Amino acid sequence: DTAVSQTPKYLVTQMGNDKSIKCEQNLGHDTMYWYKQDSKKFLKIMFSYNNKELIINETVPNRFSPKSPDKAHLNLHINSLELGDSAVYFCASSRRTSGITGELFFGEGSRLTVL
Amino acid sequence: DAKTTQPNSMESNEEEPVHLPCNHSTISGTDYIHWYRQLPSQGPEYVIHGLTSNVNNRMASLAIAEDRKSSTLILHRATLRDAAVYYCIPWNAGGTSYGKLTFGQGTILTVHP
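Those sequence lines, one after another, are chains A and B.
Everything in the first sequence is counted per our numbering, starting at 1 for the first residue and increasing by one.
Everything in the second sequence is counted per our numbering, starting at 1001 for the first residue and increasing by one.
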């Protein structure tokens, strides 16, 4: 059973389209995240949610809207896709109440290509 | 966020120990030192973390300098599966920064059979 699963794994779309990436975790964690890895392989946090509440929003354009229907899911919806949105998007989860173990569990990533 | 400096790349032979260094001279007194790795085409994976004392777990050991300005991740016997990018990440888990890992460039570890 995959702990943090993302769908789709690959997504190719045209500029201007709207797309969503879904994430689910079965670890019972209360905090979920979206990270973006660009073409230069730098990984950067975009959002974090704790118990469905937005905690971190790292100056991401308004075209990106995370939605957390429940603690086990955090979806990423992107409007009006641009070429620069091409990247690998990673979902992650952790248990906030675990103190300072700092262990995040990442999914395998969703590679988005905007043409 | 504390800045880190890691070698761009390192090489090792299978079954040999590997010492991956990291400088974090601007680390604050409350920052924990975390190490993650990213295998090819996969998401990052937690390896180990520590504050002041050396730490061991089933994956690796972490040696932290007395002044905490540097640390070394030790893989005792490298396997081909250990080939990955290794990231050293100082992190303060407090407040709204929880989970905000700042990944640097990392060290690309190549393991030769």
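Using N, Cα and C, we set each Cβ at its ideal position, and we do this for glycine too.
On a predicted model such as this, the values are computed, not experimentally measured, just so you know.
Contact with chain A by residue i, beta-carbon distance below 8 Å
{"i": "B/Q1006", "result": "no"}
{"i": "B/P1044", "result": "yes"}
{"i": "B/L1039", "result": "no"}
Spatial neighbours of residue i in its chain, beta-carbon cut-off 7 Å, leaving aside the 5 residues before and after
{"i": "A/V114", "result": "T13, M15, L81, E82, L83, D85 and S86"}
{"i": "A/G99", "result": "Low confidence applies here, because A/G99 scores a pLDDT of 49, under 50, leaving its location unreliable; read the following figure in that light. Around A/G99: no qualifying Cβ."}
{"i": "B/A1002", "result": "H1024, T1026, I1027, S1028, D1031 and P1090"}
{"i": "B/N1057", "result": "I1048"}
Limits of the unbroken beta strand (DSSP E) element including residue i
{"i": "B/P1113", "result": "Unbroken run through B/P1113: none, as it is neither H nor E."}
{"i": "B/Q1105", "result": "Per DSSP, B/Q1105 belongs to no beta strand (DSSP E) and is neither H nor E."}
{"i": "A/F42", "result": "It is not in any beta strand (DSSP E) - A/F42 carries neither H nor E in the DSSP assignment."}
{"i": "A/T7", "result": "V4 to T7"}
{"i": "A/N75", "result": "H73 to I78"}
{"i": "B/N1013", "result": "S1009 to N1013"}
{"i": "A/P69", "result": "F64 to D70"}
{"i": "B/H1019", "result": "V1018 to N1023"}
{"i": "B/K1069", "result": "First-last for B/K1069: undefined, no H or E at that position."}
Cutoff 8 Å: residue i Cβ touching any chain B Cβ
{"i": "A/T31", "result": "yes"}
{"i": "A/G116", "result": "There is no way to answer for residue 116 of chain A, as the model of chain A reaches only from 1 to 115."}
{"i": "A/F64", "result": "no"}
{"i": "A/S94", "result": "yes"}
{"i": "A/L11", "result": "no"}
{"i": "A/L104", "result": "yes"}
{"i": "A/G28", "result": "no"}
{"i": "A/E108", "result": "yes"}
Cβ-based neighbour list, residue i, same chain, cut-off 8 Å, excluding 5 preceding and 5 following
{"i": "A/K9", "result": "E108, G109, S110 and R111"}
{"i": "B/F1103", "result": "Y1036, P1044, Y1087 and I1089"}
{"i": "B/T1110", "result": "S1009, M1010, E1011, S1012 and A1083"}
{"i": "A/D104", "result": "Inspection of the sequence shows that residue 104 of chain A is occupied by Leu rather than by Asp. Within the same chain, A/L104 has close Cβ partners Y33, A92, S93 and S94."}
{"i": "A/L11", "result": "K19, I21, S110, R111, L112 and T113"}
{"i": "B/S1061", "result": "I1048, N1054, V1055, L1073, I1074 and H1076"}
Cβ neighbours of residue i in the same chain (closer than 6 Å, five flanking residues each side left out)
{"i": "B/V1085", "result": "Q1038, G1106 and I1108"}
Short-range partners of chain B found in the segment 44 to 57 of chain A, where Cβ spacing is below 9 Å: K44, I45, S48, N50, I55 and I56
Stretch pair the segment 1008 to 1027 of chain B + the segment 1060 to 1076 of chain B: three plus CB contacts closer than 8 Å: yes
The segment 66 to 77 of chain A / the segment 36 to 51 of chain A touching (three or more Cβ pairs under 8 Å): yes
Interface residues of the segment 1098 to 1110 of chain B facing chain A [CB-CB below 9 Å]: Y1098, G1099, K1100, L1101, T1102, F1103, G1104, Q1105 and G1106
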